[in-house]
Every structure is written in C-alpha cells, then in structure tokens.
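There are 4 protein chains.
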Amino acid sequence: MTINIGVIGTGAIGADHARRISKTLIGGKIVAVNDVNISQAQSLVDELGLSATIHNSGHDLIHDDGVDAVLVTSWGPTHEEFVVAAINAGKYVFCEKPLATSAQGCRNIIEAEMQAQKRLVQVGFMRPYDSGYLQLKNAIDSGLIGEPLIVHCAHRNPSVPDTYHTPMAIHDTLIHELDVLRWLLNDEFVSAQVVFPRKTKYAHSALADPQIVLLETKKGVRIDVEVFVNCQYGYDIQCSVVGEEGIANLPEPQSLLLRKEAKLSNDILMDWKDRFIAAYDVELQAFINGISNNKLTGPSAWDGMAASIASDACVKAQQSQQIEPITMPEQPAFYR
Amino acid sequence: MTINIGVIGTGAIGADHARRISKTLIGGKIVAVNDVNISQAQSLVDELGLSATIHNSGHDLIHDDGVDAVLVTSWGPTHEEFVVAAINAGKYVFCEKPLATSAQGCRNIIEAEMQAQKRLVQVGFMRPYDSGYLQLKNAIDSGLIGEPLIVHCAHRNPSVPDTYHTPMAIHDTLIHELDVLRWLLNDEFVSAQVVFPRKTKYAHSALADPQIVLLETKKGVRIDVEVFVNCQYGYDIQCSVVGEEGIANLPEPQSLLLRKEAKLSNDILMDWKDRFIAAYDVELQAFINGISNNKLTGPSAWDGMAASIASDACVKAQQSQQIEPITMPEQPAFYR
Amino acid sequence: MTINIGVIGTGAIGADHARRISKTLIGGKIVAVNDVNISQAQSLVDELGLSATIHNSGHDLIHDDGVDAVLVTSWGPTHEEFVVAAINAGKYVFCEKPLATSAQGCRNIIEAEMQAQKRLVQVGFMRPYDSGYLQLKNAIDSGLIGEPLIVHCAHRNPSVPDTYHTPMAIHDTLIHELDVLRWLLNDEFVSAQVVFPRKTKYAHSALADPQIVLLETKKGVRIDVEVFVNCQYGYDIQCSVVGEEGIANLPEPQSLLLRKEAKLSNDILMDWKDRFIAAYDVELQAFINGISNNKLTGPSAWDGMAASIASDACVKAQQSQQIEPITMPEQPAFYR
Amino acid sequence: MTINIGVIGTGAIGADHARRISKTLIGGKIVAVNDVNISQAQSLVDELGLSATIHNSGHDLIHDDGVDAVLVTSWGPTHEEFVVAAINAGKYVFCEKPLATSAQGCRNIIEAEMQAQKRLVQVGFMRPYDSGYLQLKNAIDSGLIGEPLIVHCAHRNPSVPDTYHTPMAIHDTLIHELDVLRWLLNDEFVSAQVVFPRKTKYAHSALADPQIVLLETKKGVRIDVEVFVNCQYGYDIQCSVVGEEGIANLPEPQSLLLRKEAKLSNDILMDWKDRFIAAYDVELQAFINGISNNKLTGPSAWDGMAASIASDACVKAQQSQQIEPITMPEQPAFYR
Ligand SMILES: [Mg+2]
Ligand SMILES: [Mg+2]
Ligand SMILES: [Mg+2]
Ligand SMILES: [Mg+2]
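Chains as they are written, first to last, in our numbering: chain A, 248 to 583; chain B, 248 to 583; chain C, 248 to 583; chain D, 248 to 583.
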C-alpha cells in the first residue's frame, strides 16, 4: 500500500521532505502540492519529476480525494488552520514545528483530534528519531545508569542572523530540547528559570547570548541547557544524563580522527542541517509506516502543546528573571 | 520504475537482502525466489508477504521474463554458474562474495560480461558503502593528508567456530580489506607476506591466530593487516591511513560515552552483523539505483577477480612464508 | 639554603607532607614536629628517620629558633591560632584548608599578616598547581578561547560516610572549586544559588545529594557546579570553560586506552587522593621555593578568606533556596 | 646522604641533567664538571651557581676523590672510555645513549663491570621511567590483557635535518623502541626485517622515510614499528599491545580537549624534548636513589648492549632487505 501525500508549503523544508518521500523513503508518494507561491510549487513538481496535482489552496489539497495524508510545511502562523482542517477531513497530518503559534492553538488541535477519536497528527520533532538520542533513551530505560537525576545540555550554533532576538533562543532553539527531554526522561517540566551570563561580543544588541535555561521536572530531575547561538566554533548539541549509577552522553556525530598540524582532532559540524539529516528520514518514514499500520507513534499534538507551554514559560522567565511554574493540564488517556 | 528482482538462495543473507528490498529500500520489488530448499523459499515469501513466484531452479528464475535483476546469495560454489547465466540472459546481477571460488571463475564472468558489452554485475562488497570508509576515502582523495604511504589495519572477531581454519583468515576475513583497500587507495597490490605471531590460547589447533598480512601496492604503499579472529573483546575494524601530511583513522561505530563503574567507556560491538548493517542498505540501494540509471557503479566483476587473485597470493604466502608476488592482468578500458 | 620546617599535626595529611618534604622535594628539611598525640609524632619521626625535635605544643614548635617555617596540618579549629602565632613569630606558614573556621578567623589572620608587612602565609589549595588546571588557565589567559562566559563544573565522589551532611558539600567539597575558579578566571564571586535535584537513593537521610551550585562573578561569568558525592562510578573532576571563541576542558587524568570485554575504555579514579597527588608535590615545592626567594606566590590568606566568604554564602543559599549575594571586601594592595 | 656527582660533557643534555640534579631532584649535588670546551663548563657552573671543580679531563674528574658518581654526557665515541674508567675507579656512572658505538664496546663495559662485581652503570634510556609506559607495563604484568602477541608502534617526528640519513632511523630513533620493548615485554628480539614504503616528498635524497621495522621476539611476539621522521604533524609515540584478552595503548600526552574552529581537538606535541621531560627527572632520581640504596635498578650495561646488537641487526636488515637474525649472548646471572 502506497500512502498518497500532499504537501502544503514547498519552501526549504517542504521541498526537502517531498524529495525525501520521493527519492529515499518507502511507501509514500507525493500526489499533490500547494504553496502561496504557485510557481515554486510547480518548480518542485518539475524538479522531482512528480505526477502531482498543484492546488490553489491548502484547503483544496486537504480535500483532494486522492490525498491520504498531508504535510504542513507552510509558514508557521498557518499551521493550526491546516492541521485542524486535515483532522476534520479525517486525514493524517505531519506538521512541522510549531504545531501552532500559541498554546491555545495547540489546544484547538487537540480538541479536534480527540473529537476525531483517532490519532492523526505527528509533529515534526526529529530528535527522538536520532540514533544517538535513541541510544541515550535506551540507556536510561534499561536502567544502565540508574534513575536520572540531572541532565546537562548545550545547544550551540556558530552564529545567527540579526533577525534572531532573545525569545527566539527559546522558540526556535530550545524548543528541540523541550521536546526531546520530555521524551527522553518520560517526565514533565514543572518550572523554568533563565540566567543571562556575560554576553558574547559576537551577539548583536537585541540578543542576550549565551543563555542558561534551568528546568525542573515532576520527578525532580534538574536540567541545565546552555543556549549559545554565536559560539563561533560549530553546531554542537550536547546532552549528558547523570544517573544514580553512571552518566551517559549523547554521541558526537561520526567523523574521522585526524592527526594533522599538531592536532589530534575530529571535525565539528558547522551547519545545523547536517546534524539530524538522518533523523529526518527516520521521522518521515515513521509517519508513513504509522499510517500504513493505522497507528501513529511519533510526537503527538499533545507533545506539540507541551513544548509550547514550556516554551511560553521559558520566555516569561527570560523577562521576569524569576523561577516560573510550568503548568501542564492532565494528560488524557487518549494521548498516553 | 520499479526493478523486479529475483533471489537465488534464501539463506541468512538472501533472506536479509529480500527483507531489505521489500521493507527498507526504494525502487525494487522481490518477484521471484529460489532455493535448494524450496520450503525455505516458501517461508520467506510468507514471512515477508511477497507476491513472488517460487522457482524450482536458479536458471528458471533467471529466465523468468518478469525478473529484471538477480540476487545470487546461494552457496558459494554455485555463484559463478548463476552469474554467468544471468549475464547471458542480459540481466543485472548482484552476487554476494565470493564472485567465484577461483580466479579462473572470475575470469569467466568477466569474459561473459565483456561479451555482453555492458556492466551487469555488482559484487557484494559492502565496505565501500560504509559511511566511515567513505569519509576516509574523501580525506584521501581531497588531499587532506597528502599522498598515502602506509595503511595500518586490523580485522578482529571475538571468536570463530572450530570449522574456521588458517586459510579462511584470508578467504573469509581479509577478503574485505583486499577489496576495500584497492578502492580506498585507487591502487593495486603487487606482493604479499604473512607473518604468524605467537598464537593465542583461544585458537584451536588447526588455526594460526593472529596473523599479520603485509601488502605492497603498485604505488609503493605498505599495508599491514592484523587478522585476529579470537581476540575475545569484540568485532573491531581498524584502518589508519598514514599520509605525507597527516593520518586519518576510520571512525569507531557510534556509541554512548559512559561513565560507570570506574570506567569512561564506549561500547565495542560483539557481533559483526551490526558493524556494516547500514552499509548493506546503501550497497543494495546503489544496485537498484544503478539499474534504474542503467549504470552500475559499485564493486565490479573485475574488483571481484582482483580480490580473488590477491587472496590466492596471500594463502600462498601463508604456506611459503615468503614474499609472494600478486600479478594482476592489465585492466581493460571496459572496467575503468 | 635548606629551609627548616616544623609540622604541627602529624595525622594523615601532615605525615604525607612530611614524607613529601623529606623524600621527594628539594630545599626543605623537617626539623620539628608536634601533635596532640605525641606518640604519633614520634612514630612519624621514626618512620621517616628524621632528626627532628618533638615539641609538646604547637606554640613551642613555632618558637623553636631552629624552625624557619611551619606546616599547620592539625585539627581545623586550631588553624587560626597557630597561623596567627607563626605570623607573629615572623615565620612562614603553610596552612591546610580551612585557613580558619570562619570568615572572621580569616580576617584575623589577614590583619596579623598585614601588620607583619610581609606575605608569610600559603593556604593549602592544591588545584592551582595541577598540570591540567594550569593548561586550562593558560588557554584562558592566552586568549585561545576568547573571554570566558560560562563554566560548567562537576565534583563527584563515589561515596561519602554517614557523617557527611548537606553543608559539607560546600565546606569540604565545593571549597576547592571556590578557590580554583577565582584563580582560573581572575574574578570574584558576587552571588550564589543552590538547587537540589532529585536525591540519589545512595545518599543517607541527612544529605541532599546531588546539588547544583550556581555562581555569578563580577565580570558576569555564570558557573554551574554539580556536586555529587555518591555518584558510585568514580572520583571525577570536570571543568569546562565556555569562551567567546571556543571551549576548553580540563584534561582527564592519564590512563591507558583499553579494548577489552566489549568496551573501549579509560579508567576513572576511585580514590580522590590519587587525583591531585602530583599537585601536592608542586604546591609544597612552591612554598619552599617561595621562602628561598623570599616571595610567596601561592594561595594567600586573602584567597583563604575569599573561599570562606563564598562558602558561607553557598551554605546560606542551601538553606534559603534564594539567590544569596557574596560580598567581598575591597582587596588591599598588599594582596594584589 | 648526598651523592656528589661529576659531569663529563656539558653540552645540551649534560647541562640539562646538571640543572635537574641541582634544581629539581633530591639527594645529589654537582661537584665537578668537565668539557672539551672548558669555557662551556665554566658557563654552566656560573649559570647554576655551583661550587664545583672544573677538571681539565674526564679522567681527572673520574679520579677526583670528591666525586661519588659520574654522568657521561660527552660526545658518543668517548662514552666507552669514560664508562670503563669510572667502573675501574669503582664509581657509579650514568651514561647517555649510546653506551658505546659498537656491540664490542658494550661488551668491554660489561666485562669491566662484572670484574668490579657490582652494578655500577645505568644507561640513559628514559622511556621505562615514563608514566605512560609504566602503566602499560603494569597492564601487561598484571595479566589485564593476557599474554602479549603483537605490538604495533610508531615513532614519528615532524621533520629531521639533512644530516639525518637512513641508518639513523635505527641508531637515533628506533633505539628507544629497541630498549623499551625488551623491558615492556620482558623478552628478547630474535629477528628483524625492514620494509621501505613509498617515500614521503618531505625526505631528502639520502633518507628512506618512512620505514617499517618488523621484529620477532623469543616468545614469538611480533612487533611492527613505523619510523616516520618527516611526518610533518607532530612528535608522536604510539605503542599498542595486543594481548590474548585485550589491547592496551600507551596514553597520549596530557592536553586540553578543545572545541574551536570546527574541530574537537587535543594538541599534539611538536618538540620531542617535551614528550619525556618528566621521565628524565624520574630516570636521574632513580640513579641517585639507586646509589643511596647501593642498588641500581635502571637500564643496565647489558640492556645497553642488547639495544646495540638489535640496532646493528636492523641496520643490516635495511641494507639486505632480508630477515636478519638477532643473536644475543646468554644473559649472565649478574645481570638478571
Ligand atoms: Mg522536524
Ligand atoms: Mg556483502
Ligand atoms: Mg591542600
Ligand atoms: Mg636518556
């Protein structure tokens, strides 16, 4: 059985996912596309040699009978609308982050999905599909390091453009930790604090960089995440889980060990796009397989909302410089 | 375009490749199977839910009009016969190692393929598809470490069964280095010497273990390969290329860095099947893509023969304890 | 010129330092000893084959004309008294930590030393003499990683006895970071916060373990120190300095890289005494050399007081669970 | 008891050892010096502030009644003469390598020492005093990796001057491996073979570089040593011992782990003098302590001869390109 997929939004990530489904993954086929820029949609169709309908609107695409599942990779503020429409049309939908631009938007999606009485939504958090994080989760779940007590994380970028300002360190950067840590620890956040260290000279005036986000979970695990988006030296994701009986660290990306010019070295990636490139494949393949098996298992709308609520609290903590509570509603059985 | 594939030999590796093509890779479909044990072939069809013809002989399968390409994963001594038959039927053929059990057998295949005037054969050497070796080759080809002068290798297994005897260290174990090093260095072997160190107490009486194989190439590169198949501690593949301006080492397989029980450690694999598992996928996908593009690019029949000739010289060097020449015929333009 | 040294307190550390001076270091000689337990003092003299006077009191030893310099390695609460007495007698004095059991005690010592118009006191903080920390300081001071912005530290012990309670995590454990970080960063602490993560099952009821101490410096550097004294796996000191242009990590102690039993591993020390064993030699040699050159350069009474003040603030932060200010008096020219 | 030491030869290494004894080590004192260049001897005395007699000849120094022990750090061809003279005068003697310029010269020294009926000679091989090699030896001797079967070594220099020619790769470079491997394995060499890989473009015309030396021991251990003295990237000493149950590698020199400019790196030393700098201290301290205890334990005249014999066989193997036997005389009880 091949899953027929429509793509709303053929920008960078949408085009990438379309190529992935057409050229790398198994079981899916791009049969419809839409973009606010119709000529961009057309270009994608041509480039990939697709036989796909080009729709004038996302809603038309959603209601195309030939479409089994929808990829929402359009501009963030349109996500909620398209996801809800897809749910109401009874179609599976993969939505890139953010699921919605507000926690209320996420709640609207959850309500729609619960009314549909079926999990239809997968949110585009790819880290739970990264082979390194999977090894880390396996170490925790197997009891290899005992109960987790502390997690030390870092999320570093070489540099960011001038449009990147202080709250984006949460919404665009920390958001991945906010998702992956809940999954990794099988736990919920209860509070957040943000500390601003001395600012790097490489950050422009509207950006506090680096930042340290301190999170507390329901089980009492304490997490510190260094977010440093002008670190110069590389794109570097660190995650070290301190357990009662040992410590496990996220593996470094594979690279040659070199002896050259007075250095014993491994390369560090400079481009974030290379870091989780394999995970994007696994993530979308899981979406297709989930549809085939009639059972989605990846990041749910609930997970999307949880990240959104935590994210809002962190931004509030940036502003208040206080410890801010993170209040999650009770998780319905539907999402467990 | 989907490539319709027939599998001759549904033992471990054949079944594995069939599963790979059906469940993981894109562009191929198993449409026919054959095995000397028909019920095993039937089991595979059932298990994978294939709609595939079960043929009574490999030759029937080869001549099935619905079959575009053949996988030869039967018992080694039958490889030559099936590969030649597939070539003569004008079909693409992926043959697991050994391509043939003798250099003459390889030559027969080469002759058939040259007569067909088209590259139809890919040999099942998977290491050139391993992401680590690809990084290493890229380091060499880009000039990162200057001209290669020496290569230090190790091929270690935790243990081998009692049926494994001294020449198998060449035919079954070193064979992978004999293939991958030619590709890595873009060079040919010219001589081989084998040295027997003190024997481990873990080797049975019919096996010299460890062994050190010393190879010389046309360009003068010297290679030492430690083959140690009862090393106890793990399945471990090392390759360190010493160049004029630096040294590059094959990456270790990805694993968590752990702090536990007075050790800072990474896991070493114990099972060889885990080491190149991703490379098998890439290798077979390359075969399918090569057919689609009408241009095979992987290890050729010529490469299969080269490994076979080098292999024979190494076994002779085991016996003679002398430096044995490795004489390769001139490579025809067809294979360049 | 040989420096004649008297030792007050011949317990574990005193005996160790006496052996060091007699058998390993150059330029010093143990000529007098004292202990509340005279027979222990006698044993030490016998064991090391010293020709040394055994004094009935620390004060007698201090006033022994044959004594050029005093080592105070007696019970903590007696340190202040002996250090002040040595200063007043115009003698050099090396005092194991704590310099005094209160900040006021430290101030008394500082007052005495300033009145003596000469630096006479070295405090027994050994980490600034550790080769790894020296490399780290050199990396910072040379500008290799740009201005420091964040420091991530960990201080882990396999386990502690039942007598070890929550404030000791500061006074006995964190105290070393409190000293070495001021030196490393050439900076002063301005606030402290203590966070209690989920408690390990290996900690007894009177101990919060692990703890995370968050420090802020005058220059705005933010420091997080994980203190985890029942981590089971080893004695492990981590220090990672995040600068504007790179990150430098304290080296791991030297150990063999092993491939064994499915692990690629380095040993982690289990006993804290092995970690800085070389630094103790360097520290005491520096004291002896400082006397010979008539210029002490190691951790001063001022440094001892600074650690004490920071330490008190951290304990207060443990109790208040608030961010506590750390208020250091202006540093007199005498100590700069 | 202070050992009064005379130094014959105040060039680089002699001056270094004199400084070491005066300023760093315990128990020794430089009381006499000699050099063919008297003014150089005088400079050293002045520079170190020694009260030492400046002798007009090495023999005068040896016969100076105030001299307990002699350091022979003069020009290589004079070593034998001074060592024999010191032995005949009943004095302890530390001789930098080479002990003598021929195996016969070593035999002469051994004869003199056996006649003296007392071990008086320590040869200046410092690697057995290196903390890393000591860890490696301990791993072997404790049975941690089982019986050694293979040793892979590398001895690499960034570059060498034009005066360095092919045999010096043995006499000046490999010589250290020839000594340390006998000690490490507690074994004797029985044959040598030398292989010349493709030559680096950085080697001048009179030098084959790199070289691979293959050694066999009495117990059957096989050793390969890559000698590469124009490797460009650093001074790098590798030693990996493959045992029946695991592999132990010589530790890398301590250095910071850095994240900078797209590299995760440790520094590699460029200057050989930094690599074993600590071992020189330990080596000479052991000599002084050995005299105090009336029992030398370091590399003996026998060890010096063994290295010399092996060295000669390796040079012969360079020339013959054959496997050359290494024939050691039976070791007398005196040297066991
Ligand atoms: Mg995503
Ligand atoms: Mg294969
Ligand atoms: Mg101390
Ligand atoms: Mg030496």
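Glycine included, every Cβ here is placed at the ideal spot set by N, Cα and C.
Taking a Cβ-Cβ threshold of 7 angstroms, the residues of chain B close to ALA495/A are LEU503, LEU505, in chain order.
Every unbroken stretch of the beta strand (DSSP E) spanning 3 or more residues and falling wholly within the segment 329 to 368 of chain B is given here in chain order: 339 to 342. Cβ neighbours of VAL562/B within its own chain (closer than 6 angstroms, five residues either side excluded): PRO414, ILE417. Close to ALA333/D, with beta-carbon spacing below 7 angstroms, lies no residue of chain A; the smallest spacing is near 41 angstroms. The beta carbon of SER349/A is closer than 6 angstroms to none in its chain, skipping five residues each way along the sequence. Using a CB distance cut-off of 8 angstroms, LEU516/D does not count as an interface residue toward chain C. Taking 8 angstroms as the cut-off, the beta carbon of ASN433/A is found no closer than this to the beta carbon of LEU503/B. For ALA509/C, the chain B residues whose Cβ falls inside 7 angstroms of its Cβ are TYR480, GLY481, ASP514, ILE515, MET517, in order along the chain. Three or more Cβ pairs closer than 8 angstroms define a contact, and the segment 324 to 336 of chain D falls short of that threshold against the segment 480 to 493 of chain D.
For GLU499/A, the neighbours in chain D by C-beta distance under 8 angstroms run, in chain order, LEU511. Of the residues TYR482/C, ALA526/C, TYR527/C, the one whose Cα lies closest to the Cα of LYS510/B is TYR482/C.
VAL427/D is a Cβ neighbour of ARG374/D, given a cutoff of 8 angstroms.
The three-state secondary structure of HIS402/C, taken from DSSP, is strand. The segment 558 to 577 of chain B makes no contact with the segment 380 to 390 of chain B; the number of CB pairs closer than 8 angstroms stays below 3. When secondary structure is reduced to three states using DSSP, GLU327/B falls in the helix class. Annotated as distal: PHE341/D and GLN362/D, with beta-carbon spacing of 8 angstroms or more.
By the criterion of at least three beta-carbon pairs nearer than 8 angstroms, the segment 519 to 538 of chain C is in contact with the segment 262 to 271 of chain C. In the three-state reduction of the DSSP assignment, SER502/D falls in the coil class. In the DSSP assignment, ASP483/D falls outside any alpha helix (DSSP H) and lies within the beta strand (DSSP E) extending over 483 to 490.
Here the C-alpha atom of ASN251/C lies approximately 23 angstroms from the C-alpha atom of ILE356/C. Scanning chain A for C-beta atoms nearer than 9 angstroms to the C-beta of PHE475/C yields LEU396, ILE397, VAL489, reported in chain order. Between SER304/B and ASN281/B, the gap from beta carbon to beta carbon is short of 8 angstroms. Within the DSSP bridge table, the entry for LEU318/A names VAL254/A, PHE341/A as partners. DSSP lists GLN440/D, ASP471/D as the bridge partner or partners of LEU461/D.
Interface criterion not met: the Cβ of ILE535/C is under 8 angstroms from no Cβ in chain D.
By the neighbour-count criterion, in which 16 or more other beta carbons inside 10 Å mark a residue as buried, ASP388/D falls on the exposed side. The beta carbons of LEU272/D and LEU531/D sit closer together than 8 angstroms.
For ILE260/C, same chain residues with a beta-carbon under 7 angstroms away, outside a window of 5 residues either side, are THR320, GLU343 in chain order. In the structure shown, LEU543/A adopts coil according to DSSP, grouped into three states. Contact between the segment 461 to 476 of chain A and the segment 391 to 400 of chain A is present: three or more C-beta pairs spanning the two stretches fall below 8 angstroms. Non-local beta-carbon contacts of LEU295/D in its own chain, meaning distances under 8 angstroms to residues more than five positions away in sequence, involve ALA265, ARG266, SER269, LYS270, ILE277 in chain order. In the three-state reduction of the DSSP assignment, PRO395/D falls in the strand class, which pools E and B.
Within chain B, no residue has its beta carbon less than 8 angstroms from that of ASP263/D; the closest one is some 31 angstroms off.
Against chain A, the CB of THR249/B has no partner CB under 8 angstroms away; the residue lies outside that interface. In the structure shown, LYS446/C falls within a coil segment according to DSSP collapsed to helix, strand and coil. By the rule that beta-carbons nearer than 8 angstroms mark a contact, GLU343/B does not touch chain A.
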